[in-house]
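> Numbering that gives the first Met the number 0 puts the first residue of the sequence shown at 0, with every later residue one more than the last.
All residues carry an ideal CB built from backbone N, CA and C; glycine is no exception.
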Amino acid sequence: MLFLFRSNSILFDAKAELGEELMILTSGYFIYEEELYRGNKLDSFVEAQYSSGNLESLVPHLSGCYMAVIVDGAKKKALVIQDRWGSYPLFYCQHGDELLLGDDYRDFIDRYRDLKVDISAAGQLVSFGYVFGNKTLIDGVFEFDSAHIHRLSFNEGKPIIDSAKYWTLNYSFDRASLETASARYAELWAHRMDIFAAELKGTAKPVIIPLSAGMDSRLVAEAVDRRGIAQYNFTFGAGPNNHEILTAGLISRSLMHGMGQFNLYLSQEGFESFKQDGPVSYRITTGHFAEKNLWFAQKMRDNCDFMLTGHLGDFMAGDHLKSRMKLWKSPDEVVEYIVKFKSTSACKKLFYSSPSFKDAIYEPLRQRLPDDCDLINSYMRWNLGERQRRLIIRSIIAEKHSELPLMLLPFCDYELFDFYTRLPFELLLNSRLYRHAAVKHIYRDKPLMYRTKVNGHAMYPPFQGIIGEYYKKLSDLIERNTGGIKGSYDYSPEINWKEEAIDYVFPEGFPIEWLREELLPGYSRFLYALSEFTKEYRTNQQ
Numbered sequence: 000m001l002f003l004f005r006s007n008s009i010l011f012d013a014k015a016e017l018g019e020e021l022m023i024l025t026s027g028y029f030i031y032e033e034e035l036y037r038g039n040k041l042d043s044f045v046e047a048q049y050s051s052g053n054l055e056s057l058v059p060h061l062s063g064c065y066m067a068v069i070v071d072g073a074k075k076k077a078l079v080i081q082d083r084w085g086s087y088p089l090f091y092c093q094h095g096d097e098l099l100l101g102d103d104y105r106d107f108i109d110r111y112r113d114l115k116v117d118i119s120a121a122g123q124l125v126s127f128g129y130v131f132g133n134k135t136l137i138d139g140v141f142e143f144d145s146a147h148i149h150r151l152s153f154n155e156g157k158p159i160i161d162s163a164k165y166w167t168l169n170y171s172f173d174r175a176s177l178e179t180a181s182a183r184y185a186e187l188w189a190h191r192m193d194i195f196a197a198e199l200k201g202t203a204k205p206v207i208i209p210l211s212a213g214m215d216s217r218l219v220a221e222a223v224d225r226r227g228i229a230q231y232n233f234t235f236g237a238g239p240n241n242h243e244i245l246t247a248g249l250i251s252r253s254l255m256h257g258m259g260q261f262n263l264y265l266s267q268e269g270f271e272s273f274k275q276d277g278p279v280s281y282r283i284t285t286g287h288f289a290e291k292n293l294w295f296a297q298k299m300r301d302n303c304d305f306m307l308t309g310h311l312g313d314f315m316a317g318d319h320l321k322s323r324m325k326l327w328k329s330p331d332e333v334v335e336y337i338v339k340f341k342s343t344s345a346c347k348k349l350f351y352s353s354p355s356f357k358d359a360i361y362e363p364l365r366q367r368l369p370d371d372c373d374l375i376n377s378y379m380r381w382n383l384g385e386r387q388r389r390l391i392i393r394s395i396i397a398e399k400h401s402e403l404p405l406m407l408l409p410f411c412d413y414e415l416f417d418f419y420t421r422l423p424f425e426l427l428l429n430s431r432l433y434r435h436a437a438v439k440h441i442y443r444d445k446p447l448m449y450r451t452k453v454n455g456h457a458m459y460p461p462f463q464g465i466i467g468e469y470y471k472k473l474s475d476l477i478e479r480n481t482g483g484i485k486g487s488y489d490y491s492p493e494i495n496w497k498e499e500a501i502d503y504v505f506p507e508g509f510p511i512e513w514l515r516e517e518l519l520p521g522y523s524r525f526l527y528a529l530s531e532f533t534k535e536y537r538t539n540q541q
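#1: Using a Cβ-Cβ cut-off of 7 angstroms (strictly less than) and excluding sequence neighbours within five positions of G18, which residues of its own chain qualify?
#2: In whole angstroms, give me the CA-to-CA distance for D370 and E332.
#3: Taking the C-alpha atoms as reference points, what is the distance between R348 and E512?
#4: Answer with buried or exposed for I159, where buried requires no fewer than 16 other C-beta atoms within 10 angstroms of its C-beta.
#5: From L151 to N539, what does the alpha carbon distance come to, in whole angstroms?
#6: Please classify L518 as buried or exposed, where buried requires at least 16 neighbouring CB atoms within 10 angstroms.
#7: Here's a check: name, in chain order, each residue in its chain whose Cβ is nearer than 6 angstroms to the Cβ of Y49, leaving out the five neighbours to either side.
#8: For a quick check, are the C-beta atoms of L407 and M258 less than 8 angstroms apart?
#9: Suppose you measure from the CA of E55 to the CA of Y231; what does that come to, to the nearest Å?
#10: I need the DSSP call for E16, collapsed to helix, strand or coil.
#11: Is it the case that the region 77-85 contacts the region 141-148, given that we only count it when at least three CB pairs across the two stretches are under 8 angstroms?
#12: Might you give, ordered along the chain, the residues of its own chain that have their beta carbon closer than 6 angstroms to the beta carbon of L10, omitting 5 neighbours on each side?
#13: Could you tell me which of M324, E335, S355, V223 sits nearest to G309, measuring between CA atoms?
#14: Provide the residue(s) that pair with L3 in DSSP beta bridges, ordered along the chain.
#15: Check whether the region 40-48 touches the region 108-123, counting contact only when three or more Cβ pairs, one atom from each stretch, lie closer than 8 angstroms.
#16: Would you tell me roughly how many angstroms separate the C-alpha atoms of S344 and L245, rounded to the nearest one?
#17: Determine the DSSP secondary structure at S344, reduced to helix, strand or coil.
#18: Tell me, please, which residues DSSP counts as bridged to H94.
#19: With distance defined between alpha-carbon atoms, name the residue in G508, Y111, I80 nearest to S355.
#20: Suppose you measure from the CA of Q387 to the CA of Y378; what does that come to, to the nearest Å?
#21: Between which two residues does the beta strand (DSSP E) holding P158 run?
#22: Alpha carbon to alpha carbon, how far is E414 from S62? Give it in angstroms, no decimals.
#23: DSSP state of K339, grouped into three classes?
#24: To the nearest angstrom, how far is the alpha carbon of P520 from that of S530?
#25: So A247 and T234 are in contact, right, with Cβ under 8 angstroms, and what is the actual spacing, rounded?
#26: What is the DSSP secondary structure of R150, counted as helix, strand or coil?
#27: Please classify Y184: does DSSP put it in a helix, a strand, or coil?
#28: Considering only the alpha carbon of each residue, which of A13, E33, L78 lies closest to A163?
#29: One question on the structure: do R367 and W381 come within less than 8 angstroms of each other, judged by their Cβ atoms?
#30: Quick one: what does DSSP say Y536 is sitting in, helix, strand or coil?
#31: Going by C-alpha to C-alpha distance, which of Y336, N7, E34 sits closest to H190?
#32: Between the C-alpha atoms of E362 and V504, what's the straight-line distance to the nearest angstrom?
#33: What three-state label does DSSP hand Y129 in the structure shown?
#34: What are the complete alpha helix (DSSP H) segments, minimum 4 residues, inside the region 29-87?
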């Protein structure tokens with residue numbers, strides 16, 4: 000998709016001038032008044048609401064992952080609307096008296112040969128998996144901010160963009176009891192999943208659900224299974240004895256309507272296969288190229304119309320709220336926390352040892368922390384508005400999303416998400432919150448079972464076989480088969496990173512001091528993504 004705004008004219012694909020017609024392009028889905036809209040139904044709804052003048056007022060009430068571009072040839076203007084997270088990114092470049100709008104960075108490079116890769120942005124990408132703010136890896140190419148309505152028009156023949164924010168994350172910490180909050184969430188979760196399930200049943204096909212050891216994916220799998228919908232599961236791990244693989248396997252085998260679990264291992268052999276067959280990142284804001292999701296989804300696109308992913312997205316900060324965040328006194332402490340807990344291992348080392356690297360990270364990161372709120376809310380806005388949406392939410396939506404099953408994200412449903420922002424502060428400090436607010440409804444009328452630790456929180460399995468780890472037996476098995484090491488690796492330690500790095504290609508000016516051999520495993524996927532981007536960039540500049 001490509002539009003060129005120039006001298007009071009709008010050109011589609013930067014070649015054919017748009018006449019009097021109305022052109023509407025959409026991606027994804029949203030829920031409005033308890034009905035899910037996608038595909039042609041989504042297009043028709045957007046067109047009808049735009050024509051009646053109601054679309055902009057409805058945007059704050061559209062819950063889902065979507066993007067819509069409305070180009071009005073008769074009025075010589077355009078409207079861009081996106082969900083809160085900018086799940087389907089759209090880019091623009093103001094070059095002289097021209098404004099180019101598109102969803103593929105190659106179109107910008109093809110038209111403007113003087114565009115360069117931003118080295119500071121490259122440092123941010125390999126440290127966090129994305130570029131800060133609305134900037135991209137290409138200097139001068141920007142991404143439309145999420146949670147905004149963008150109006151494109153002309154002023155004295157020159158194209159301009161007017162943007163208005165329609166949502167801001169804010170934890171209000173209202174007063175409420177634990178039991179009341181739990182009951183409300185149970186009812187809300189069941190109601191929203193019924194809306195998704197109604198659409199899933201309409202296709203008569205199984206769904207794909209990535210399954211990990213995490214609580215969020217288990218909740219989605221259980222909710223779909225309870226509603227009688229068949230599902231395929233797949234899991235990503237370093238090897239067959241990986242914690243994620245073992246735990247997810249127990250869950251998948253216990254589903255009443257499960258059709259099997261497929262595992263993607265990242266041993267040396269698996270890594271080689273991944274490089275040859277896996278997806279390549281053409282995104283210019285994120286290097287996290289969805290190896291956990293897109294590879295399998297592409298293989299299954301003929302069998303499934305939908306893919307549901309569970310991602311709670313650090314909506315609650317857990318014990319760190321009490322032990323660290325309440326003690327923050329300045330934004331510098333927030334920056335140090337982000338570097339320590341939310342960056343690659345290589346970033347942690349280079350931040351304190353390389354002045355040029357710190358310059359590429361510190362000030363841009365500091366600028367992304369809002370000053371109009373307390374430090375905890377400032378951090379949450381960064382974590383959810385930038386890190387989560389670009390590194391994780393974005394990663395499950397492919398560049399060529401038409402070639403994949405439609406991605407549904409129940410936990411990004413605004414009705415569910417806003418529940419968390421209204422929780423009492425003392426509940427966020429309570430380790431029981433995760434158990435009560437998120438999953439207590441599953442346990443209703445089930446006998447109590449042994450408590451085990453799952454993701455650092457004590458949990459009751461809802462019924463035998465559906466959620467493990469189970470008591471001491473399974474945890475001992477996991478520990479024994481991983482040589483006493485719990486958790487998982489980004490990639491298998493069998494991989495010779497020095498040898499792999501020989502094939503990497505980086506932008507001109509990328510500092511050699513950022514590529515020390517001992518740091519390569521910590522960069523792993525992000526360096527690989529930057530290398531693939533650089534190869535594509537150079538090819539398109541030739």
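Reading off the structure:
#1: For the purposes of this step, residue 18 is taken as the residue at position 19 of the sequence shown. Taken in chain order, the residues that qualify are G72.
#2: Position 371 of the sequence shown, counted from the start, is the residue given in the question as residue 370. Position 333 of the sequence shown, counted from the start, is the residue given in the question as residue 332. For D370 and E332, the distance between alpha carbons rounds to 14 angstroms.
#3: Translated into the one-based positions of the sequence shown, residue 348 becomes position 349. Translated into the one-based positions of the sequence shown, residue 512 becomes position 513. One detail in the question is off: residue 348 reads as Lys in this sequence, not Arg. Near 12 angstroms, if we compare the C-alpha coordinates of E512 and K348.
#4: As a position in the sequence shown, residue 159 is number 160, starting the count at 1. I159 should be labelled exposed.
#5: By one-based count along the sequence shown, residue 151 stands at place 152. By one-based count along the sequence shown, residue 539 stands at place 540. Going from the Cα of L151 to the Cα of N539 covers about 28 angstroms.
#6: The count along the sequence shown starts at 1 and reaches residue 518 at position 519. Counting the other Cβ atoms within 10 Å of the Cβ of L518 gives 16 or more, which makes it buried.
#7: The residue given as residue 49 occupies position 50 in the sequence shown. I69, listed in sequence order.
#8: In the sequence shown, residue 407 corresponds to position 408, counting from 1. In the sequence shown, residue 258 corresponds to position 259, counting from 1. With respect to M258, L407 sits apart: the two C-beta atoms are not nearer than 8 angstroms.
#9: Position 56 of the sequence shown, counting from 1, holds the residue named residue 55. Position 232 of the sequence shown, counting from 1, holds the residue named residue 231. E55 and Y231 have their C-alpha atoms roughly 38 angstroms apart.
#10: For this step, residue 16 is matched to residue 17 along the sequence shown. In the three-state reduction of the DSSP assignment, E16 falls in the strand class, which pools E and B.
#11: Touching, yes, given that three or more Cβ pairs across the two stretches are closer than 8 angstroms.
#12: Here residue 10 refers to the residue found at position 11 when the sequence shown is read from its first residue. The residues are L3, E16.
#13: Translated into the one-based positions of the sequence shown, residue 309 becomes position 310. Per the Cα distances, V223.
#14: The residue labelled residue 3 in the question sits at position 4 within the sequence shown. In DSSP, L3 forms a bridge with L10, L99.
#15: Cβ pair count under 8 angstroms is below three, so no.
#16: For the purposes of this step, residue 344 is taken as the residue at position 345 of the sequence shown. For the purposes of this step, residue 245 is taken as the residue at position 246 of the sequence shown. When only Cα atoms are considered, S344 and L245 end up about 26 angstroms apart.
#17: Position 345 of the sequence shown, counting from 1, holds the residue named residue 344. When DSSP states are grouped into helix, strand and coil, S344 belongs to the helix group.
#18: Working through the sequence shown from its first residue, we reach residue 94 at position 95. DSSP lists E97 as the bridge partner or partners of H94.
#19: Counting from one through the sequence shown, the residue named residue 355 turns up at place 356. Minimum Cα distance to S355 is reached at G508.
#20: Taking the first residue of the sequence shown as 1, we reach residue 387 at position 388. Taking the first residue of the sequence shown as 1, we reach residue 378 at position 379. Looking at the two C-alpha atoms, the distance is approximately 12 angstroms.
#21: Residue mapping note: residue 158 aligns to position 159 of the sequence shown, counting from 1. P158 -> beta strand (DSSP E) spans 157-164.
#22: As a working note, residue 62 is residue 63 in the sequence shown. As a working note, residue 414 is residue 415 in the sequence shown. The alpha-carbon separation between S62 and E414 amounts to approximately 8 angstroms.
#23: Taking the sequence shown and counting its residues from 1, the one referred to as residue 339 is at position 340. K339 falls in the helix class under three-state DSSP.
#24: Taking the sequence shown and counting its residues from 1, one reaches residue 520 at position 521. Taking the sequence shown and counting its residues from 1, one reaches residue 530 at position 531. Approximately 15 angstroms, taken between the alpha carbons.
#25: Locating residue 247 in the sequence shown gives position 248, where the first residue counts as 1. Locating residue 234 in the sequence shown gives position 235, where the first residue counts as 1. Indeed they touch by this definition, with Cβ atoms about 4 angstroms apart.
#26: Here residue 150 corresponds to residue number 151 of the sequence shown, with the count starting at 1. It is a strand residue.
#27: To locate residue 184, count along the sequence shown from 1; it is residue 185. Taken through DSSP and simplified to helix, strand or coil, Y184 comes out as helix.
#28: Numbered from its first residue, the sequence shown carries residue 163 at position 164. For A163, the nearest C-alpha among the options comes from L78.
#29: Residue numbering aside, residue 367 sits at position 368 when the sequence shown is read from its first letter. Residue numbering aside, residue 381 sits at position 382 when the sequence shown is read from its first letter. R367 places its beta carbon less than 8 angstroms from that of W381.
#30: The residue labelled residue 536 in the question sits at position 537 within the sequence shown. Judged by DSSP in its simplified three-state form, Y536 adopts helix.
#31: The count along the sequence shown starts at 1 and reaches residue 190 at position 191. Nearest Cα to H190 within the set Y336, N7, E34: E34.
#32: Residue mapping note: residue 362 aligns to position 363 of the sequence shown, counting from 1. Residue mapping note: residue 504 aligns to position 505 of the sequence shown, counting from 1. Between E362 and V504, the C-alpha separation is close to 27 angstroms.
#33: Translated into the one-based positions of the sequence shown, residue 129 becomes position 130. Reduced to three states, the DSSP call for Y129 is strand.
#34: List check, alpha helix (DSSP H) in window: 38-50, 54-57.
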